[in-house]
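So the sequence lines, in the order shown, correspond to chains S and R.
Note that this note's numbering has the first sequence beginning at 214, numbered continuously upward.
Note that this note's numbering has the second sequence beginning at 214, numbered continuously upward.
Ideal Cβ positions, reconstructed from N, Cα and C, are used throughout, including at glycine.
Number of protein chains: 2
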Amino acid sequence: MLIGEFAKRVGVSTDTIRFYGKVGFFSSSRSENGYRHYTEKDIETADLIASGKSIGFSLREILAFSQEMTDGVLDHARAQESLQSKINLIDERIASLKRVRKLAQQQLDYCRAVEAQELSV
Amino acid sequence: MLIGEFAKRVGVSTDTIRFYGKVGFFSSSRSENGYRHYTEKDIETADLIASGKSIGFSLREILAFSQEMTDGVLDHARAQESLQSKINLIDERIASLKRVRKLAQQQLDYCRAVEAQELSV
DNA sequence: GTAAACCTTGGAGTATGCTCCAAGGTCCAG
DNA sequence: CTGGACCTTGGAGCATACTCCAAGGTTTAC
Ligand SMILES: [Zn+2]
Ligand SMILES: [Zn+2]
Ligand SMILES: [Zn+2]
Ligand SMILES: [Zn+2]
């Protein structure tokens with residue numbers, strides 16, 4: 214499919230798709246007139262970008278990750294090490310999020326208590 | 214304490230501290246010679262910034278949050294709404310992280326299996 | 001054949017979050 | 001009273017991730 218349809222399907226602008234392409238994402242096939250072509254695999258890549266971004270990874274990190282996700286010529290030991298360190302990082306982020314969630318929950322409870330007290334006076 | 218000591222204690226550069234100050238963080242007290250002063254409360258703020266950043270919030274979001282964390286003159290209903298939406302966002306992020314963690318784990322398992330197979334051939 | 005709706009490139013501009021000067025004032029030790 | 005370690009300001013520069021625009025080529029529809 215062409216860039217317009219692709220961009221619509223993955224929910225970002227054509228400019229953003231071209232930008233991701235420059236970074237190194239997507240198969241870089243073109244038709245004779247120079248138009249970019251995208252496949253279903255590129256849709257998966259775009260979904261991975263969205264997931265990665267939503268959890269705070271940079272495009273370069275996501276690119277490295279997406280390349281590790283295509284097990285092929287790569288050095289297995291290195292790929293495994295990298296994947297494991299990514300998993301560890303994710304676990305750390307989950308732990309951080311839970312800490313901040315707890316803080317927010319405590320503040321919410323406190324705010325509710327103060328409000329209840331004010332209303333009863 | 215002065216900016217150098219403060220920056221060292223929270224583990225960032227003095228430039229970064231001045232930048233956070235411009236954004237609106239920290240008590241803005243100065244001595245007569247113009248030197249910035251920081252307190253233990255500012256240390257807590259710096260810790261909150263570190264937590265917030267590590268989980269992907271922008272400085273402005275963290276600023277808003279840190280202001281909500283000081284329940285005072287604020288509109289309770291609004292503060293509660295905001296805190297609740299922050300908690301919901303955190304829950305979404307945790308869910309996203311778990312999804313990507315699962316992907317990475319699957320790829321890791323797959324990579325290990327491929328490696329084992331290669332070795333046994 | 002021409003208009004609309006696509007596509008191309010290059011380059012400029014924006015927001016965030018720093019980072020690094022340069023030029024100068026302050027403070028303290030010897 | 002001078003050196004070194006602080007501090008100040010302002011402004012430039014940088015990386016990331018877009019976003020927008022201009023100028024122009026392509027395709028399709030009437
Ligand atoms: Zn195609
Ligand atoms: Zn309240
Ligand atoms: Zn002080
Ligand atoms: Zn492998």
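key: Element boundaries [alpha helix (DSSP H), containing Asp304(S)]   = In the first sequence, counting from the first residue as 1, residue 304(S) sits at position 91. Here the alpha helix (DSSP H) through Asp304(S) covers His289 to Ser333.
task = Give a yes or no on whether the minimum CB-CB distance between Val225(R) and chain S is below 8 Å.
result = Residue numbering aside, residue 225(R) sits at position 12 when the second sequence is read from its first letter. Taking CB atoms only, Val225(R) has no neighbour in chain S less than 8 Å away.
request  = Please list the partners that Ser264(S) has in chain R, where partner means a Cβ-to-Cβ separation under 7 Å.
outcome  = The sequence position of residue 264(S) within the first sequence is 51, counting from 1. The answer, in chain order, is Ser309, Arg312 and Val313.
request  = Determine which residues share a DSSP beta bridge with Arg249(R) and list them.
outcome  = For the purposes of this step, residue 249(R) is taken as residue 36 along the second sequence, with counting starting at 1. Arg243(R), per the DSSP bridge assignment.
ask   = Are the stretch 303 to 319 of chain R and the stretch 297 to 315 of chain S in contact at 8 Å, needing three or more beta carbon pairs?
value = With contact defined as three or more Cβ pairs closer than 8 Å, the stretch 303 to 319 of chain R and the stretch 297 to 315 of chain S are in contact.
key: Secondary structure of Phe238(S), DSSP reduced to three states   = The sequence position of residue 238(S) within the first sequence is 25, counting from 1. DSSP, reduced to helix, strand and coil, places Phe238(S) outside both helices and strands of the structure shown, so it counts as coil.
task = Using three-state DSSP, classify Gly265(R) as helix, strand or coil.
result = Residue mapping note: residue 265(R) aligns to position 52 of the second sequence, counting from 1. Looking at Gly265(R) - three-state DSSP - the assignment turns out to be helix.
ask   = When we look at the beta-carbon of Val223(S) and count the other beta-carbons within 10 Å, is it buried (16 or more) or exposed?
value = Residue mapping note: residue 223(S) aligns to position 10 of the first sequence, counting from 1. Residue environment analysis places Val223(S) among the buried positions, since at least 16 neighbouring C-beta atoms fall within 10 angstroms of its C-beta.
The alpha helix (DSSP H) enclosing Val223(S), as first and last residue numbers = Reading the first sequence from its first residue, position 10 is the one you call residue 223(S). That run of the alpha helix (DSSP H) goes Ile216 to Val223.
query = At a cut of 8 Å, does the stretch 231 to 244 of chain R reach the stretch 268 to 280 of chain R through at least three beta carbon pairs?
reply = Yes: at least three Cβ pairs fall under 8 Å.
Residue range of the unbroken alpha helix (DSSP H) whose run includes Ser362(R) = The structure shown does not extend to residue 362(R), since chain R is modelled only from 214 through 334, so no value can be given for it.
ask   = On the three-pair Cβ rule with 8 Å, is the stretch 243 to 256 of chain R touching the stretch 289 to 301 of chain R?
value = Touching, no.
task = Run the CB neighbour count on Glu281(S), radius 10 Å, all protein chains shown included, and call it buried at 16 or more, exposed below.
result = On the first sequence, position 68 is the one that residue 281(S) refers to. Counting other Cβ atoms within 10 Å of its Cβ, Glu281(S) reaches 16 or more and is therefore classed as buried.
ask   = Between Lys372(S) and Lys299(R), what straight-line distance do the alpha-carbon atoms span, to the nearest angstrom?
value = The question about residue 372(S) has no answer here: the residues shown for chain S are numbered 214 through 334.
message = Let me check you understand the geometry: is the CB of Ala277(R) closer than 7 Å to at least one non-hydrogen atom of ligand 2?
response = By 1-based counting over the second sequence, the position of residue 277(R) is 64. Checking the Cβ of Ala277(R) against ligand 2 gives no.
query = Near Leu215(R), which residues of its chain fall below 8 Å by C-beta distance, leaving aside the five closest residues on each side in sequence?
reply = Position 2 of the second sequence, counted from the start, is the residue given in the question as residue 215(R). Taking C-beta separations shorter than 8 Å and ignoring five residues to either side along the sequence, the partners of Leu215(R) in its chain run Tyr248, Arg249, His250 and Tyr251, following chain order.
ask   = List, in order along the chain, the chain S residues whose C-beta lies closer than 7 Å to that of Ile325(R)?
value = One-based indexing of the second sequence puts residue 325(R) at position 112. One point to set straight first is that residue 325(R) is Arg, not Ile, in the sequence displayed. Residues of chain S passing the Cβ test: Gln293.
Between the CA atoms of Gln297(R) and Phe219(R) - distance to the nearest angstrom = The sequence position of residue 219(R) within the second sequence is 6, counting from 1. The sequence position of residue 297(R) within the second sequence is 84, counting from 1. A direct Cα-to-Cα measurement between Phe219(R) and Gln297(R) gives close to 32 Å.
message = Using 8 Å for Cβ pairs, my map puts Gly217(R) next to Thr227(R). What's the rounded Cβ distance?
response = The residue you call residue 217(R) lines up with position 4 of the second sequence. The residue you call residue 227(R) lines up with position 14 of the second sequence. Contact between Gly217(R) and Thr227(R) holds: CB atoms are separated by about 6 Å, below the 8 Å threshold.
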